[in-house]
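Working notes for the structure below.
Rendered as structure tokens:
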């Protein structure tokens with residue numbers, strides 16, 4: 007069937023330039039060709055088709071910026087800091103460098119709501135030619151295509167922050183970077199061309215920089231700075247809890263001195279390893295795609311090399327179960343055979359995926375982190391579960407709790423949510439972590455709990471999900487999606503901590519009861535003494551003695 | 007600065023093909039060049055850079071499929087139906103055709119969890135060359151770049167459903183379409199190349215079709231079919247409420263006869279008009295982008311032609327306030343002048359945006375729709391607010407309530423959420439609509455309400471947001487983002503309905519009290535009669551008379 011004229015037009019109109027030229031006038035100019043089209047005997051379908059075009063991913067996110075966490079001025083500021091800090095920490099850790107990250111927020115003079123965010127690190131720096139792509143192109147990065155725990159995973163965040171800055175202030179993102187003492191430090195300003203989703207470098211220069219290597223990113227944006235829930239301050243203090251190896255320096259707009267979060271340990275976490283996909287988590291379509299693009303020629307080799315936990319023996323078992331030969335050519339398998347192979351995988355016992363792609367905080371450091379940052383509590387418990395798997399992705403749940411002390415006893419517990427060591431600040435209601443916490447029956451652990459809500463008590467609960475791929479409910483990475491395997495693991499970890507907490511609460515209750523009883527004794531014994539003296543007609547000293555004896559006996563009996 | 011070798015590699019590696027070739031082996035093969043790179047004196051930055059690459063939008067969404075509503079088998083089925091129905095309704099309405107949409111779900115034999123979804127409409131059909139782009143390319147469509155109410159807006163949904171089908175079953179999407187009685191009907195099968203985000207047509211043929219025009223899409227996918235909350239059945243019955251002009255035919259997998267939702271009106275809603283952006287909602291960055299791409303040469307003309315509600319007079323006022331001349335050349339304005347212009351806009355009084363881009367359901371049809379689909383209630387109220395604006399986007403809130411009858415009185419109210427006539431089935435907790443409902447003090451309207459929760463009572467609340475751009479919290483379009491203007495309007499509409507509801511509830515309470523009192527009288531009056539007879543020593547007939555008088559007096563006094 008030959009291409010109609012209208013269809014030809016559309017395919018052209020998809021190009022970025024054309025779309026840009028047409029965009030603002032589209033509404034008015036379209037009317038004329040539309041009617042003309044109709045009158046030439048074209049169908050309604052032609053008319054509708056003439057309006058269709060490609061949408062660039064940056065146009066999409068510019069319009070849908072709330073998906074990326076830029077739906078309010080205050081949140082935009084937090085998201086910008088968060089994306090920059092996430093990137094800085096990831097870069098340092100990948101280069102085996104103990105991270106030192108400095109965050110500075112300046113209120114810009116002459117404006118009510120404009121700020122400059124500057125985040126600098128002692129990381130490995132970024133190659134001059136990479137800077138533009140990293141900071142001004144959405145969907146570009148090193149973390150998306152691998153299976154390994156990291157804070158960033160999408161290749162969107164920091165470029166989106168720069169795009170938001172550009173949209174609200176017209177200013178480019180400014181980056182300083184140096185990749186080593188023998189290399190120049192470079193300063194680059196980049197904008198993002200949202201119609202094409204490509205970076206545009208607007209200026210560059212080399213500069214003197216007093217650090218051997220590192221990166222500094224600087225974004226001007228419209229924002230609002232306020233402390234409290236969901237603030238940069240909260241985010242940073244929670245970052246310190248989940249990253250006890252990191253030094254953070256935070257200079258807010260109204261502070262004279264920066265706040266410094268000193269590390270609680272001088273040891274980097276074990277670096278997580280990259281793994282290959284596990285056969286159990288691979289769907290038919292993905293299996294077919296992997297077969298198509300594999301470097302292996304034979305089916306057996308493909309299974310062994312392209313998956314984790316598939317030995318020659320397991321590969322043969324899978325092939326046998328599918329009725330296929332391990333020497334079959336991967337690329338000439340029919341759809342039917344692929345289906346058989348896919349079904350066969352589920353029937354063969356395969357070891358769980360390797361978990362060295364994960365980097366949990368650990369029970370010890372969780373307690374230390376909580377102790378350091380939550381001074382008002384008096385008792386700390388923690389629980390790190392064994393790794394588990396959802397949709398083929400390894401993950402691991404950790405829970406910590408800070409209890410008692412001067413924490414408010416008659417308010418809902420405070421819940422701190424973390425994913426890959428990043429504190430989550432928004433969308434608590436839509437998060438699997440919140441759902442898991444409210445679904446536990448806390449009355450069994452001596453806490454009150456309104457139906458379907460967080461329990462009430464002097465407790466701070468921290469939940470950390472570490473995974474090679476955290477399933478966030480939106481690109482802004484504020485909440486974890488509710489996969490049943492994840493919910494289950496969180497519940498089990500909470501219950502583990504709950505039991506420890508209950509011991510503490512019981513002991514505390516016993517002590518409290520103790521005190522209460524003691525105060526009763528102290529209160530009433532003199533009266534009893536008085537009564538006894540009258541009844542038995544005792545002398546003052548004799549009465550005192552009797553009262554003392556009585557007190558001792560009561561004390562003793564209580565301790566039995 | 008010359009490009010380093012490593013950087014050159016990366017720029018190449020961004021291409022789809024290279025990425026595909028490398029993907030599965032990346033983990034193993036990368037190790038070698040990495041170490042080699044280091045030993046040649048390259049920095050850690052070179053090593054990290056060698057891992058960075060482009061991510062295609064379809065790869066991104068394939069991995070993040072829960073963002074699109076494919077996080078469970080059951081939801082995947084609903085999302086697929088929903089996207090297909092949304093598209094069918096939009097297409098019919100744009101072509102001024104009263105929509106007749108048929109949905110068929112078949113369980114595929116030989117599988118536990120495979121289904122075929124077929125959705126067909128009497129719409130205008132799709133041009134042969136457009137079919138592939140519409141059904142197998144993410145971020146392609148006619149609705150993203152315009153300001154006008156429609157169900158679809160992103161150009162993602164139906165292609166994502168096809169991609170999910172392909173990933174889980176390996177099968178392509180099959181489309182039949184005919185654009186008019188003089189044209190052939192065409193059947194096309196398309197796959198999506200996820201690495202490049204482009205469609206691949208796998209087969210095509212012309213066919214006999216007994217309809218003059220229309221489209222049918224057929225997707226095989228792994229799913230789960232179950233009735234109840236979040237089911238296809240619920241989605242369709244709610245679609246019928248919000249679209250009283252639509253005929254829906256629904257053939258479930260276990261039904262012998264299809265369910266038919268007949269339209270409640272034979273009139274199409276007024277077609278919404280496309281509008282231009284309103285100056286108040288335009289941020290500095292967007293303003294600068296619009297100036298760059300405008301077809302107008304002069305500033306005054308730019309303001310008049312590229313925005314809505316800017317007359318020559320308003321354009322001049324803006325220019326005056328900015329200290330700029332209306333005859334200034336748009337494309338040669340400096341950054342400073344753009345800022346001045348942007349600031350000036352906020353100081354000039356400009357009429358609210360036109361609202362003919364919206365298509366609300368209307369108070370009458372809301373009540374009719376509720377009455378038709380919720381037979382168990384006895385009283386119906388509704389409230390359509392005047393249009394309002396968030397971030398420059400016009401929107402309008404409507405609320406309907408069904409009350410009393412046999413609705414459960416001791417359970418939380420049922421909340422039905424709609425956006426642009428589409429019922430929202432998931433993520434109620436994260437939705438501005440839920441937040442607005444729980445934030446109203448329902449005790450003021452005679453309903454019980456646990457703290458921070460939905461009120462309790464025999465009520466179904468329906469909330470509809472109509473907008474030229476609904477800000478969804480994720481691409482799956484399940485919840486509305488909480489912009490303060492939107493929350494406020496929903497609250498006002500709820501309060502409007504609340505007052506009407508309260509009248510009903512009060513009347514009902516009065517009647518109930520009445521009944522209660524009457525039964526007391528009936529119960530005690532004989533006893534009172536007995537007592538009086540004894541005290542006053544009355545005869546039997548005299549007593550009966552007195553009792554009757556007493557009853558009358560009591561009745562009368564109650565009616566006053």
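Residue numbers (the numbering used here), protein chains in the order written: chain C, 7 to 566; chain H, 7 to 566. No residue lacks a Cβ here, since even glycine has one placed at the ideal position from N, Cα and C. Note that the coordinates shown come from a computational prediction; the quantities given were computed from them, not determined experimentally.
Assignment of residue 218 of chain H by DSSP, reduced to helix, strand and coil, places it in the coil class.
Annotation: Cβ neighbours of residue 52 of chain H in chain C (cutoff 8 Å, chain order): 133, 185. Two segments are said to touch when three or more pairs of C-beta atoms, one from each, lie closer than 8 Å; by this definition the stretch 67 to 77 of chain H does not touch the stretch 229 to 240 of chain H.
Taking 9 Å as the CB threshold, residue 239 of chain C stays off the interface with chain H. At least one CB of chain C lies nearer than 9 Å to the CB of residue 475 of chain H. Listed by position along chain H, the residues whose Cβ is nearer than 9 Å to that of residue 106 of chain C form an empty set, because the closest Cβ is around 16 Å away. Residue pairing by DSSP places residue 467 of chain H opposite H/407, H/421 in a beta bridge. Contact annotation for residue 286 of chain H against chain C: no contact, minimum CB-CB distance about 15 Å [criterion: below 7 Å]. In the three-state DSSP reduction, residue 59 of chain C falls in the strand class (E or B). Annotated three-state conformation of residue 132 of chain H is coil, per DSSP.
Rounded to the nearest whole angstrom, the CA to CA distance from residue 241 of chain H to residue 369 of chain C is 45 Å. Nearest to residue 463 of chain H by alpha-carbon distance, out of H/144, H/437, H/414, is H/414.
Taking C-beta atoms under 8 Å as the contact rule, residue 337 of chain H and residue 296 of chain H fail to qualify, at a distance of about 11 Å. Annotation for residue 164 of chain C: the continuous alpha helix (DSSP H) segment containing it runs 163 to 175.
Within the stretch 259 to 278 of chain C, no residue has its Cβ closer than 9 Å to any Cβ of chain H. Listed along chain H are 176, each with a C-beta nearer than 8 Å to that of residue 294 of chain C. By the beta-carbon neighbour count (other beta carbons within 10 angstroms, threshold 16), residue 294 of chain H is buried.
In the DSSP assignment, residue 483 of chain C falls outside any beta strand (DSSP E), carrying neither H nor E. In this structure, the alpha-carbon of residue 54 of chain H lies about 22 Å from that of residue 476 of chain C. For residue 147 of chain C, the CB contacts under 6 Å within the same chain, skipping 5 residues up- and downstream, are 161 in chain order.
Per DSSP, reduced to three states, the secondary structure at residue 234 of chain H is coil, with no helix or strand assignment. Under DSSP, residue 127 of chain C forms a beta bridge with C/107, C/221. Under the three-state reduction of DSSP output, residue 355 of chain C falls in the coil class, being neither helix nor strand. Cβ atoms of residue 64 of chain C and residue 198 of chain C come within 8 Å of each other, at about 6 Å. Taking a 10 Å sphere around the C-beta of residue 176 of chain C, we find 16 or more other C-beta atoms and assign the residue as buried. Close CB contacts of residue 362 of chain H within its chain, under the 6 Å cut and outside five residues either way in sequence, are with 279 (chain order). About 18 Å separates the Cβ atoms of residue 275 of chain C and residue 50 of chain H, ruling out a contact at the 8 Å cut-off.
The beta carbons of residue 446 of chain H and residue 501 of chain H sit about 7 Å from each other, so the pair counts as a contact at 8 Å. In summary, residue 249 of chain C is buried, with 16 or more beta-carbon neighbours lying within 10 Å of its beta-carbon over all protein chains present. Taking 9 Å as the threshold, the shortest C-beta distance from residue 164 of chain H to chain C does not fall below it. Here the stretch 177 to 195 of chain H does not lie against the stretch 95 to 103 of chain H, with fewer than 3 beta-carbon pairs under 8 Å apart.
228: these are the residues of the stretch 224 to 235 of chain H whose beta carbon lies less than 9 Å from some beta carbon of chain C, given in chain order. At least one CB atom of chain H sits nearer than 9 Å to the CB of residue 143 of chain C. Measuring C-alpha to C-alpha distances from residue 99 of chain H to each of H/171, H/154, H/382, H/547 identifies H/154 as the nearest.
The beta carbon of residue 158 of chain C sits closer than 7 Å to those of 92, 93, 96, 147, 149, all from its chain and outside the five residues before and after it, given in chain order. Distances from the CA of residue 377 of chain C to each of C/433, C/291, C/465, C/299 were compared; the closest alpha carbon is that of C/465.
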